[in-house]
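Peer 1: Mapped onto numbering that gives the first Met the number 0, the consecutive letters of the sequence shown carry residue numbers 0 to 163.
For every residue, glycine included, the Cβ atom is placed at its ideal position computed from N, Cα and C.
This structure is in structure tokens; I'll ask about it shortly.
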Amino acid sequence: MRGVINSIQTSDIRNLFNPENIYVSKEGGGAGNNWASGYTQGEAVQETLLDMIDREAEYCDSLEGFTLAHSIAGGTGSGMGSYLLEMLADKYGKKLIQTYSVFPNQSESSDVVVQPYNSLLTLKRLTLHADAVVVLDNTALDRIAINSLVATVMAASTTTLRYP
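If you want it as structure tokens, here you go:
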């Protein structure tokens with residue numbers, strides 16, 4: 000996990016992210032592809048995450064909603080993502096919550112044997128708490144320029160939220 004965060008912090012897009020809003024656990028790792036571990040980690044750091052979210056929400060003149068980008072196959076994106084989704088729905092119930100959820104490869108076998116469980120546990124939270132879910136198919140994304148496509152889709156679908 001630290002490697003991914005470090006690569007973002009040293010890349011060309013590093014200025015897009017406020018360093019005060021980047022959270023990495025003391026252990027430095029993710030949830031080990033375990034939904035329950037990610038969910039539990041979310042509970043443990045709830046106050047830290049809420050402080051980050053509340054601080055950014057206070058900067059908004061007119062907060063319209065939240066966007067969550069995550070994978071539903073591993074542990075952190077599925078487990079902690081589910082916890083964040085529930086937390087946002089609970090605290091900001093009237094605000095729009097949209098997710099960009101990367102679904103796992105269906106045609107290829109995975110090294111993560113619990114991937115189907117992680118996905119099912121996350122799907123329940125998506126149906127209960129998200130107002131809009133954009134499904135991103137990992138198999139199709141592997142065949143094209145992933146980052147460019149995802150950035151274009153996210154920019155286009157959030158234009159009305161950013162420029163009301």
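Taking C-alpha atoms, which residue in A150, Y91, D110, E85 lies nearest to T121?
Peer 2: E85
Peer 1: If we cut at 7 Å on Cβ distances, does S118 have a partner in chain D?
Peer 2: The chain labelled as chain D is not found in the depicted structure, where only one protein chain is given.
Peer 1: When you compare only the Cα positions, how much space is there between S156 and S109?
Peer 2: Using only the alpha carbons, I get a separation of about 30 Å.
Peer 1: Consult DSSP for G78 and reduce its assignment to one of helix, strand or coil.
Peer 2: helix
Peer 1: Unbroken alpha helix (DSSP H) runs of length 4 or more, entirely within the segment 45-129: which are they?
Peer 2: 45-58, 80-90, 114-128
Peer 1: Can you tell me which of D130, L15, E63 puts its alpha carbon nearest to the alpha carbon of L170?
Peer 2: Any question about residue 170 goes unanswered here, given that the chain covers just 0 to 163.
Peer 1: Taking C-beta to C-beta, are G31 and G76 nearer than 7 Å?
Peer 2: no
Peer 1: Between which residues of its own chain and A56 is the CB-CB distance below 8 Å, once the five residues before and five after are set aside?
Peer 2: L62, Y91
Peer 1: Applying the 10 Å Cβ sphere with the 16-neighbour rule, what's the burial state of T47?
Peer 2: exposed
Peer 1: Return the Cβ separation of G41 and L83 in integer angstroms, given the expectation that the two are a contact with Cβ distance under 8 Å.
Peer 2: 6 Å
Peer 1: Starting from the Cα of Q105, find the closest Cα among Y99, P115, I96, T98 and give me that residue.
Peer 2: P115
Peer 1: Out of curiosity, what's the CA-to-CA distance linking V134 and V101?
Peer 2: Whole-angstrom Cα-Cα distance: 6 Å.
Peer 1: Quick one: measure Cβ to Cβ for T98 and H69, integer angstroms, because I've assumed they're closer than 8 Å.
Peer 2: The pair is a contact, with the Cβ atoms about 7 Å apart (cut-off 8 Å).
Peer 1: Looking only at C-alpha atoms, which of N137, I96, M153, I145 sits nearest to A166?
Peer 2: Not covered by the structure: residue 166. The range shown for the chain is 0 to 163.
Peer 1: With a Cβ-Cβ cutoff of 7 Å, do A72 and N33 count as a contact?
Peer 2: Not closer than 7 Å, so no.
Peer 1: Count the other CB atoms within 10 Å of the CB of F166; is the residue buried (16 or more) or exposed (fewer)?
Peer 2: The first residue shown for the chain is 0 and the last is 163, placing residue 166 beyond what the model contains.
Peer 1: Using 8 Å for Cβ pairs, my map puts L49 next to F65. What's the rounded Cβ distance?
Peer 2: That pair is no contact at about 12 Å.
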